[in-house]
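The opening position of the sequence shown corresponds to residue 3 in this note's numbering, with each subsequent residue numbered one higher.
What follows is one structure encoded as structure tokens, with my remarks underneath.
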Amino acid sequence: MRFSEIDLLAELERPEHEVLRELFHSRSLPAGSLLYSPDARENLIFVIRSGAVRVFLACESKEFTLAILGPGDIYATHSGAYVQAMDKPVEMLVTQVNEVSRRLVDVPEFTKTMVRVLGQMLSNSFDTIRGLAFQSSSERLAQLFLAQSRAIRLQQGEEGGVEVQLGLNMQQIADVVGASRQTVSSLINEFMRQGLLEKRGRGVFFLPDLDGLRRTAGLLAIPEPEKK
């Protein structure tokens with residue numbers, strides 16, 4: 003599952019961005035460990051190399067997942083959110099925010115890329131909050147599948163449907179959607195019955211009817227039945 007359509011890991015490996023790549027150092031964390039919390043003093047930027055982390059807010063006994071970050075995704079520790087490794091060890095590249103800020107002036111093309119990534123992150127965060135406040139679980143689940151298919155659709159179009167690899171189990175999907183595991187399981191079965199998706203493996207789904215998903219997500223109007 004990707005948080006942004008832009009792979010920052012690939013961008014950092016480009017020769018013209020070597021001046022930035024040398025600022026980062028590797029850090030490894032075990033599965034399930036808490037990477038950062040809202041009261042962390044470090045002001046860091048990190049890029050995921052392998053594994054996945056969950057970004058979430060917590061209030062009393064409730065947790066609200068903002069994103070699942072995968073390889074190539076970037077985030078910062080001063081966001082006021084918790085960041086936790088998921089069910090596999092995590093490898094990441096880490097550096098101080100002020101170090102990157104000083105060097106971005108020398109790499110204008112990377113600065114443009116960063117602006118696009120940060121714009122996507124902000125948009126995704128607002129979408130998540132808006133969805134939790136105003137949308138049904140069914141609409142949020144449909145939007146999750148559509149969001150994950152966006153980059154693939156841009157590359158190969160929509161003819162014949164799209165396969166997406168969420169890389170999440172049912173509980174993790176439920177955490178992202180903000181619903182119970184039982185609710186999400188029932189919704190996925192209903193989506194399959196309606197022909198909106200096919201399950202091909204753990205966290206792997208085929209989406210044969212994108213317009214149908216858009217209607218379920220509230221992004222397309224439901225067509226009126228023909229009058230006889």
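In this text, a Cβ means the ideal position worked out from N, Cα and C, and glycines have one as well.
Computed from a predicted structure; not experimentally measured.
task: Quick one: measure Cβ to Cβ for glycine 53 and methionine 88, integer angstroms, because I've assumed they're closer than 8 Å.
output: 7 Å
**Request:** For the beta strand (DSSP E) holding isoleucine 50, just list the boundary residues, first then last.
**Result:** 46-52
query: How close, in whole Å, do the beta carbons of glycine 74 and leucine 11 come, if the pair is a contact with beta carbons under 8 Å?
result: 4 Å
For the alpha helix (DSSP H) holding glutamate 62, just list the boundary residues, first then last. Element bounds for glutamate 62: n/a, residue is neither H nor E.
Exercise for the section: Quick one: using the 10 Å Cβ neighbour count with 16 as the cut-off for buried, is leucine 124 buried or exposed? Expected result: Answer is exposed; the Cβ neighbour count stays below 16.
Checklist entry - Can we say the stretch 57-65 touches the stretch 105-113, given the rule of at least three CB pairs closer than 8 Å? => result no
_Tell me which residue opens and which closes the beta strand (DSSP E) that glycine 220 is part of._
Looking at the DSSP string, glycine 220 is not in any beta strand (DSSP E), and its letter there is neither H nor E.
query: tyrosine 77 CB to nearest chain B CB: under 7 Å?
result: Among the protein chains of the structure shown there is no chain B, as only one such chain exists.
Taking only runs that begin and end inside the stretch 60-123, name each unbroken alpha helix (DSSP H) of 4 or more residues, in chain order. 99-106
What are the start and end residues of the beta strand (DSSP E) that includes glutamine 167? 164-167
Q. By DSSP, does glycine 128 sit in helix, in strand, or in coil?
A. Position check: residue 128 holds phenylalanine in this sequence, whereas glycine was assumed. Helix.
Worksheet item: Under a three-way DSSP split, which group does arginine 142 fall into?
Response: helix
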